[in-house]
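*Asks:* The sequence shown begins at 1 in the UniProt record's numbering and counts up by one.
The structure is given below, and queries will be raised subsequently.
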Amino acid sequence: MAEDVVRPRATPMDAFQLAKKHWLNTQKLNLGELAEELGVSRATLFRWIGNKDLLMGEIMWSIYKPTVYDARRDCAGEGVEYVVNVFRQVNTAIINMTAMRNWLHADSQYAISILSSKSCAFHSRMVELNTELLKQETDKGLMHPSMNIDSLSYFMCRIGESCIFSEMILGQEPDLDQLEDACNAVRILLGGRQSVTPA
1 MAEDVVRPRA TPMDAFQLAK KHWLNTQKLN LGELAEELGV SRATLFRWIG NKDLLMGEIM
61 WSIYKPTVYD ARRDCAGEGV EYVVNVFRQV NTAIINMTAM RNWLHADSQY AISILSSKSC
121 AFHSRMVELN TELLKQETDK GLMHPSMNID SLSYFMCRIG ESCIFSEMIL GQEPDLDQLE
181 DACNAVRILL GGRQSVTPA
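Structural data, given as structure tokens:
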């Protein structure tokens, strides 16, 4: 007689990975279904994740942070142009991400609360990650910002969000022409010269 197969006990990392998989596939999270699939109680799941908002913030961060590091590795240039190139590549990747676009379209208010609200850690971590890049280029002597770097980093992140959230703010789909205008705004903030596109 074959022995019964013992199901491995789920872990907090299992919960996170399954939640991320569900979100990427459906752009939704049902914690009851997640607990059932993991074979744990809702109380156990909440002890692991804190709450739905914290879990969503971690999912977003697990997508955003590697995107930033990929851009830092791939982009050419130095100083202002390097920072602008990273800004462009990161925001292009987010704008073109189907799961993100679907989520912003279907549940915009909740998405904004996770991505840009002070009540969620995602935005402050995003600013800190950007500040790290600005300090790196400034410490190399490749940039000479005319304002406080922390404030500059915050403004840069808000400019990027204005492109990503343009459907909610302006009633129009995000587009790469608008993003290029945002890149020019960032370039000017950083002390570089505006890029002029030939007519």
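Cβ atoms here follow ideal geometry from the backbone N, Cα and C, with glycine treated the same way.
What separation, rounded to the nearest whole angstrom, lies between the Cα atoms of G57 and F46?
*Replies:* Start at 1 with the first residue of the sequence shown, and residue 57 comes out as number 57. Start at 1 with the first residue of the sequence shown, and residue 46 comes out as number 46. About 15 Å.
*Asks:* Should C163 and N91 be called a contact, given that it needs their Cβ atoms to be closer than 8 Å?
*Replies:* As a working note, residue 163 is residue 163 in the sequence shown. As a working note, residue 91 is residue 91 in the sequence shown. Yes, Cβ-Cβ distance for C163 and N91 is below 8 Å.
*Asks:* Among D175, F165, M168 and K135, whose alpha-carbon lies nearest the alpha-carbon of S153?
*Replies:* By one-based count along the sequence shown, residue 153 stands at place 153. Nearest neighbour of S153 by Cα position, chosen from D175, F165, M168 and K135, turns out to be K135.
*Asks:* Rounded to whole angstroms, how far is the Cβ of L55 from the Cβ of I49, which I believe are closer than 8 Å?
*Replies:* What you label residue 55 is simply residue 55 of the sequence shown in a count that begins at 1. What you label residue 49 is simply residue 49 of the sequence shown in a count that begins at 1. Right, their Cβ atoms sit about 4 Å apart.
*Asks:* Along the chain, which unbroken stretches of the alpha helix (DSSP H) at least 4 residues long are found entirely within the region 146-181?
*Replies:* 149-164 and 166-170
*Asks:* Report the three-state DSSP secondary structure of H144 (helix, strand or coil).
*Replies:* Here residue 144 refers to the residue found at position 144 of the sequence shown. Residue state, collapsed to three classes: coil.
*Asks:* In chain order, what residues of the same chain lie with their CB nearer than 8 Å to the CB of Y82, ignoring the 5 residues before and after it?
*Replies:* Taking the sequence shown and counting its residues from 1, one reaches residue 82 at position 82. Answer for Y82: C75, A76, E137 and L142, listed in chain order.
*Asks:* May I ask you to verify whether the region 20-31 touches the region 100-119, counting CB pairs closer than 8 Å and requiring at least 3?
*Replies:* yes
*Asks:* Leaving out five residues on either side along the sequence, give the residues of the same chain with a beta carbon under 6 Å from the beta carbon of T67.
*Replies:* Here the question's residue 67 lines up with position 67 in the sequence shown. The answer, listed in chain order, is V90 and A93.
*Asks:* Could you give the residue range of the alpha helix (DSSP H) that holds N102?
*Replies:* In the sequence shown, residue 102 corresponds to position 102, counting from 1. Note, N102: alpha helix (DSSP H), T98 to A106.
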